[in-house]
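**Student:** Here's a structure for you.
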Amino acid sequence: RQNMRLSAEPIVDEATTPQERDVILRCLPHFELFSPDEEGAALLVGQGTPLAQVRQLAALGPRLVALRMGAEGSLVYERESRCAWRVPAAPATVVDITGAGNAYCGGLLVGWHETGEVEQAAAMACLSAAITIEQVGPPLVDDSTEANAKKRAAQILDSIEGLDRGRVYEKRKELVDNAK
3 RQNMRLSAEP
13 IVDEATTPQE
23 RDVILRCLPH
33 FELFSPDEEG
43 AALLVGQGTP
53 LAQVRQLAAL
63 GPRLVALRMG
73 AEGSLVYERE
83 SRCAWRVPAA
93 PATVVDITGA
103 GNAYCGGLLV
113 GWHETGEVEQ
123 AAAMACLSAA
133 ITIEQVGPPL
143 VDDSTEANAK
153 KRAAQILDSI
163 EGLDRGRVYE
173 KRKELVDNAK
């Protein structure tokens, strides 16, 4: 199991049975990243503030919990530091929202794997979702797309708000500068 990272983007909705809910909850200790949407989080741990929900989910095992909140962005919580970050949705011209959650989770996983930095991973997640909703189908990835993505990622990093104890990474400026 070395060098293996498990993540989950569960589909939890009104049709989810109590048995399915219990299976998801029992699996949480095995996931490094877990990213439900608002409805899924409420069905898994009950109603409450988004911050209370991500804390409850993280207490069950995942190191990172990213609550996806659509146009309102996301809330990312890291269990080890007990810190949360509010990540606004990246500006985008919405064409088709299909796949936004999948793209967010993929960006989060890649960002976390490549950098180990919560803010950088969250920015990549947010950007991945924004790029996905700006067209129908997968985007064309070329040098121009990548250059534009780096600029947009720097803007997203600047907009991420740290919560809990006012923690600010010392590497924040370095991350923003490197993304430009």
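In terms of our numbering, the sequence shown opens at residue 3 and continues consecutively.
Quick reminder that beta carbons are idealized off the backbone N, C-alpha and C, glycines included.
In angstroms with no decimal places, state the Cα-to-Cα distance between V178 and T19.
**Tutor:** Legend: pLDDT at V178 = 49, less than 50; position of this residue unreliable, value from coordinates given subsequently. Cα-Cα distance, rounded: 43 Å.
**Student:** Taking only the alpha-carbon atoms, compute the straight-line gap between L62 and W114 and give it to the nearest angstrom.
**Tutor:** 20 Å
**Student:** Looking at P64 and L30, is the spacing between their C-beta atoms short of 7 Å?
**Tutor:** yes
**Student:** Starting from E40, trace the alpha helix (DSSP H) in both directions and tell me its first and last residue.
**Tutor:** According to the DSSP assignment, E40 belongs to the alpha helix (DSSP H) that extends over E40 to V47.
**Student:** Considering just the uninterrupted stretch of the beta strand (DSSP E) at A68, what are its terminal residues?
**Tutor:** L66 to R70
**Student:** Quick check on the DSSP output: what are the complete beta strand (DSSP E) runs of length 3 or more inside the region 57–108, in order along the chain?
**Tutor:** Whole beta strand (DSSP E) segments, 3+ residues: 66–70, 76–80 and 85–89.
**Student:** Just confirm the distance between the C-beta atoms of E34 and R57, as a whole number of angstroms; I'd bet it's less than 8 Å.
**Tutor:** Actually they are not in contact, since the Cβ atoms of E34 and R57 sit about 17 Å apart, beyond 8 Å.
**Student:** Report yes if the CB atom of F36 is closer than 7 Å to the CB atom of A17, and no otherwise.
**Tutor:** No.
**Student:** Is E176 helix, strand or coil when you go by DSSP?
**Tutor:** Any reading at E176 needs caution, since the residue's pLDDT is 47, under 50, leaving its predicted position unreliable; the model's value is listed next. It is helical.
**Student:** Relative to the alpha-carbon of E136, which residue among I26, G42, T117 and V96 has its alpha-carbon at the smallest distance?
**Tutor:** V96
**Student:** Hey, how far is the Cα of I13 from the Cα of R23?
**Tutor:** 10 Å
**Student:** With distances taken from CA atoms, which of E82, L46 and E119 is nearest L69?
**Tutor:** L46
**Student:** Go ahead and label G75 buried or exposed: buried means 16 or more other beta carbons lie within 10 angstroms of its beta carbon, across all protein chains shown.
**Tutor:** By the 10 Å Cβ count, G75 comes out buried.
**Student:** Does E80 pass the burial test, meaning 16 or more other C-beta atoms within 10 Å, or should it be called exposed?
**Tutor:** buried
**Student:** Distance, Cα to Cα, I26 vs G42?
**Tutor:** 11 Å
**Student:** Can you say whether T134 is buried or exposed, counting buried as having 16 or more other CB atoms within 10 angstroms of its CB?
**Tutor:** T134 is buried by the Cβ-count criterion.
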